[in-house]
Amino acid sequence: MDNYEFIATKINALKEKYPSLRARTDDYVFSVLCVKNHFYKNPALVLNEDEFAEIVVDGTRDGGADILLTDPNSEESDMVIGQSKFYRTISAETVLNAMRKMADFYKDMTTGHYEQFNRQARNRFLYVDDVRGENSKVHFVFYTSAPQKKINKTDIERKFRAQFTAFDAIEVSILFVDDIEKQIREAEAYKPTIEHGKIIIDAPKNILRYGDNEAVIINASAFSIKQLYAEHGTNLLSLNLRYHITGGKIDKEIRETIKDNPASFWFKNNGITIICDDFQPDGCEVKLTNFSIVNGGQTTYMLHKSKNLDAAHDFWLSCKIIKTVGITADEKNAFSLEIAKAANSQKPIKDADLKANAPEQIRFAQAMRTIGIFYQTKRGEIFVDVLHYGGAGNSIRRATV
């Protein structure tokens with residue numbers, strides 16, 4: 000089975016699972032598939048069936064915007080504008096033209112030329128624009144089931160960005176069939192913890208122990224953290240209160256420290272906290288069993304993204320490793336939640352965050368969503384239109400969309 004056929008089987012699986020998609024075209028369901036596995040990879044972020052028709056605005060006079068949503072992983076509710084092409088082959092020119100159409104759509108909508116677009120695309124854009132944060136970004140995404148071959152992503156992105164000379168708060172993602180298949184497999188491979196891994200430390204035995212080997216503090220190799228994220232993705236943060244939340248100032252400061260003064264990273268950064276079933280120091284390594292980062296998601300993600308961090312340009316950051324207390328899954332989750340609550344300090348914690356991973360909260364949220372009631376557990380989950388859920392806490396303005 001080639002990559003295209005793999006995507007086709009996933010489209011058919013969605014049609015089988017969701018009755019509302021059975022009469023939809025493969026192109027439409029491909030958009031749903033891409034959004035689900037790109038922005039809702041974390042199982043805590045439930046994408047309800049009723050939301051498909053809101054997010055996917057593909058149709059006549061859609062302005063080249065097939066997809067419109069707020070990023071559930073963004074604290075600032077970044078706007079996402081996407082277009083998808085369920086093609087076997089594609090040219091660079093087709094990709095660039097599709098990207099330019101999205102740019103034109105955004106410009107026309109923000110300057111008030113609403114009359115050019117159908118009602119669904121127009122109203123959905125206005126809703127997403129209305130809930131954006133003050134420092135939010137616009138994320139333009141292009142999906143295709145065709146292979147990349149010799150298409151130059153960097154060149155397309157450069158030409159696309161040239162259309163926004165007075166506006167640089169944008170992100171650009173161009174995903175071909177290999178990229179989409181990777182995202183699907185990552186989502187399907189989600190695990191509550193990572194079974195085995197290791198962190199490099201600065202020197203043998205340079206470990207500060209607490210209690211009867213209950214916890215340790217180490218100087219961890221930043222590159223070894225980057226390697227763990229490269230291998231496991233957001234699974235590495237599965238017990239964190241939040242995944243990476245885009246925050247311009249903090250991201251910028253971390254990025255600049257890595258680039259300009261990595262030796263100072265240990266002093267300026269709060270480091271990371273790891274929960275695990277067991278840890279074993281072994282020379283310049285600490286081996287971990289059934290572990291997750293519960294604090295330091297922002298730091299971990301920025302290490303992963305940095306082009307200035309590699310095996311030859313490594314540095315150290317503080318890392319606290321704590322053994323999990325408890326026997327049952329609920330006991331372990333409760334302990335992890337308490338540690339995450341206490342440790343997380345780089346971004347202010349809100350009440351909603353504190354209960355996010357509590358076992359009873361997760362079970363209750365899932366039960367409510369099966370009967371059409373949206374119950375938010377983890378910050379970053381998107382509140383949906385009150386036309387569908389009628390939540391008293393939502394604004395009347397949303398109900399008019």
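With numbering that gives the first Met the number 0 applied, the sequence shown closes on residue 400, and no number is skipped along the way. Ideal Cβ placement from N, Cα and C applies to all residues, glycine included. These figures come from a predicted structure and were not determined experimentally.
Measure the Cβ-Cβ separation of N2 and D177 and say whether it is below 8 angstroms. Locating residue 2 in the sequence shown gives position 3, where the first residue counts as 1. Locating residue 177 in the sequence shown gives position 178, where the first residue counts as 1. Closer than 8 angstroms, so yes.
Secondary structure at P280, three-state DSSP: helix, strand or coil? The residue you call residue 280 lines up with position 281 of the sequence shown. P280: strand per DSSP, three-state reduction.
First and last residue of the uninterrupted alpha helix (DSSP H) at R303: Here the question's residue 303 lines up with position 304 in the sequence shown. Contrary to the premise, residue 303 reads as His rather than Arg in this sequence. Note, H303: alpha helix (DSSP H), G296 to K304.
Please state whether the Cβ-Cβ distance between T299 and L235 is less than 8 angstroms. Locating residue 299 in the sequence shown gives position 300, where the first residue counts as 1. Locating residue 235 in the sequence shown gives position 236, where the first residue counts as 1. Result yes, Cβ atoms of T299 and L235 sit closer than 8 angstroms.
For the alpha helix (DSSP H) that N96 lies in, which residues bound it at each end? The residue labelled residue 96 in the question sits at position 97 within the sequence shown. A91 to T109 is the extent of the alpha helix (DSSP H) around N96.
Can you tell me whether DSSP reads D128 as helix, strand or coil? Numbered from its first residue, the sequence shown carries residue 128 at position 129. Residue state, collapsed to three classes: helix.
Helix, strand or coil, according to DSSP, for G63 in the structure here? Counting from one through the sequence shown, the residue named residue 63 turns up at place 64. Of the three classes helix, strand and coil, the one that applies to G63 here is coil, per DSSP.
G196 by DSSP, collapsed to three states: which one? Residue mapping note: residue 196 aligns to position 197 of the sequence shown, counting from 1. In the structure shown, G196 sits in a strand (DSSP, three-state: E or B).
Locate the beta strand (DSSP E) running through A219, then write down its first and last residues. As a working note, residue 219 is residue 220 in the sequence shown. Element bounds for A219: A214 to S220.
Have a look at the DSSP bridge pairing and note the partners of T69. What you label residue 69 is simply residue 70 of the sequence shown in a count that begins at 1. Partner(s): M78.
What's the C-alpha gap between W265 and N47? In the sequence shown, the residue the question calls residue 265 occupies position 266. In the sequence shown, the residue the question calls residue 47 occupies position 48. Straight-line Cα distance between these residues: approximately 42 angstroms.
Taking its Cβ as the centre, do 16 or more other Cβ atoms sit within 10 Å of T233, making it buried, or is it exposed? The count along the sequence shown starts at 1 and reaches residue 233 at position 234. Looking at its Cβ environment, which holds 16 or more other Cβ atoms inside 10 Å, T233 is buried.
In chain order, what residues of the same chain have a beta carbon less than 8 angstroms from the beta carbon of A262, not counting five sequence neighbours either side? Locating residue 262 in the sequence shown gives position 263, counting from the first residue. F314, listed in sequence order.
One or two residues paired with C318 in a DSSP bridge: Within the sequence shown, residue 318 is the residue found at index 319, counting from 1. In DSSP, C318 forms a bridge with I217 and I271.
Report yes or no: do three or more beta-carbon pairs, one from the stretch 248-260 and one from the stretch 161-171, lie closer than 8 angstroms? no
Looking at C-beta atoms only, is the number of pairs between the stretch 9-25 and the stretch 87-99 that lie closer than 8 angstroms three or more? no
Just verifying my parser: in three-state terms, what is the DSSP assignment at R208? As a position in the sequence shown, residue 208 is number 209, starting the count at 1. Residue state, collapsed to three classes: strand.
Through-space distance from D70 to E180, alpha-carbon basis: Looking up residue 180 in the sequence shown gives position 181. Looking up residue 70 in the sequence shown gives position 71. Between E180 and D70, the C-alpha separation is close to 20 angstroms.
Let me make sure I understand the geometry here. Which of F85, H112 and Q226 has the alpha-carbon closest to that of F5? Reading the sequence shown from its first residue, position 6 is the one you call residue 5. For the residues F85, H112 and Q226, the minimum Cα distance to F5 belongs to F85.
Could you check if Y142 is buried or exposed, using at least 16 other CB atoms within 10 Å of its CB as the buried criterion? The residue labelled residue 142 in the question sits at position 143 within the sequence shown. By the neighbour-count rule (16 or more Cβ atoms within 10 Å), Y142 is buried.
Nearest chain D C-beta to R184 closer than 8 angstroms, yes or no? Any reference to chain D falls outside this structure, which holds one protein chain only.
Using CA atoms only, rank isn't needed, just tell me which of T109, I183 and D61 is closest to I10. Position 11 of the sequence shown, counting from 1, holds the residue named residue 10. Comparing Cα-Cα distances from I10 to each of T109, I183 and D61, the minimum goes to I183.
Tell me which same chain residues have a C-beta within less than 8 angstroms of the C-beta of I169, skipping the five on either side of it? Against the sequence shown, residue 169 aligns to sequence position 170. Result list for I169: K136, V137, H138, F139, R160 and F163, in chain order.
Please name the residue or residues paired with V55 in a DSSP beta bridge. Locating residue 55 in the sequence shown gives position 56, counting from the first residue. V55 is bridged to I66.
Could you have a look at I292 and say whether DSSP puts it in helix, strand or coil? Translated into positions along the sequence shown, residue 292 becomes position 293. Here I292 sits in strand by DSSP.
Residue span of the alpha helix (DSSP H) that contains T153, given as start and end: Mapped onto the sequence shown, residue 153 falls at position 154. From DSSP, the alpha helix (DSSP H) with T153 extends over K152 to R160.
Quick check on E133: does DSSP put it in helix, strand or coil? Residue mapping note: residue 133 aligns to position 134 of the sequence shown, counting from 1. Coil, per DSSP.
Quick check on S87: buried or exposed, where buried means 16 or more other Cβ atoms within 10 Å of its Cβ? For the purposes of this step, residue 87 is taken as the residue at position 88 of the sequence shown. At residue 87 the sequence reads Arg, which differs from the Ser that was named. Exposed: under 16 other Cβ atoms inside 10 Å.
Pick out whichever of V324, E133 and K286 has its Cα sitting closest to the Cα of I200. Indexing the sequence shown from 1 puts residue 200 at position 201. Ranking the options by Cα distance to I200, first place goes to K286.
Count the other CB atoms, across all protein chains shown, that sit within 10 Å of the CB of Y209; report buried if there are 16 or more and exposed otherwise. Your numbering for residue 209 matches position 210 in the sequence shown. Looking at its Cβ environment, which holds fewer than 16 other Cβ atoms inside 10 Å, Y209 is exposed.
Which same chain residues end up closer than 7 angstroms to Y105 when comparing Cβ atoms and leaving out the 5 residues on each side of it in sequence? Position 106 of the sequence shown, counted from the start, is the residue given in the question as residue 105. Closer than 7 angstroms at the Cβ level, and outside the excluded window around Y105, lie I80 and V137.
By Cβ distance below 8 angstroms, which residues in the same chain neighbour L95 in space, the five residues on each side in sequence not counted? Within the sequence shown, residue 95 is the residue found at index 96, counting from 1. Around L95: I155, K158 and F159.
Using 10 angstroms around the beta-carbon of D259, count the other beta-carbons present and answer buried if the total reaches 16, otherwise exposed. Within the sequence shown, numbered from 1, the residue matching residue 259 stands at position 260. When all chains shown are included, D259 counts as exposed.
Close Cβ partners of K319 (< 6 angstroms) along its chain, the five nearest in sequence each way excluded: By 1-based counting over the sequence shown, the position of residue 319 is 320. Cβ within range, chain order: I216 and T272.
Reduced DSSP category for T233 - H, G, I as helix; E, B as strand; rest coil: Position 234 of the sequence shown, counted from the start, is the residue given in the question as residue 233. Of the three classes helix, strand and coil, the one that applies to T233 here is helix, per DSSP.
Could you tell me which residues DSSP puts in a beta bridge with F139? Here residue 139 is taken as the residue at index 140 of the sequence shown, counted from 1. DSSP, once it has assigned bridges, lists I80 and V171 as partnering F139.
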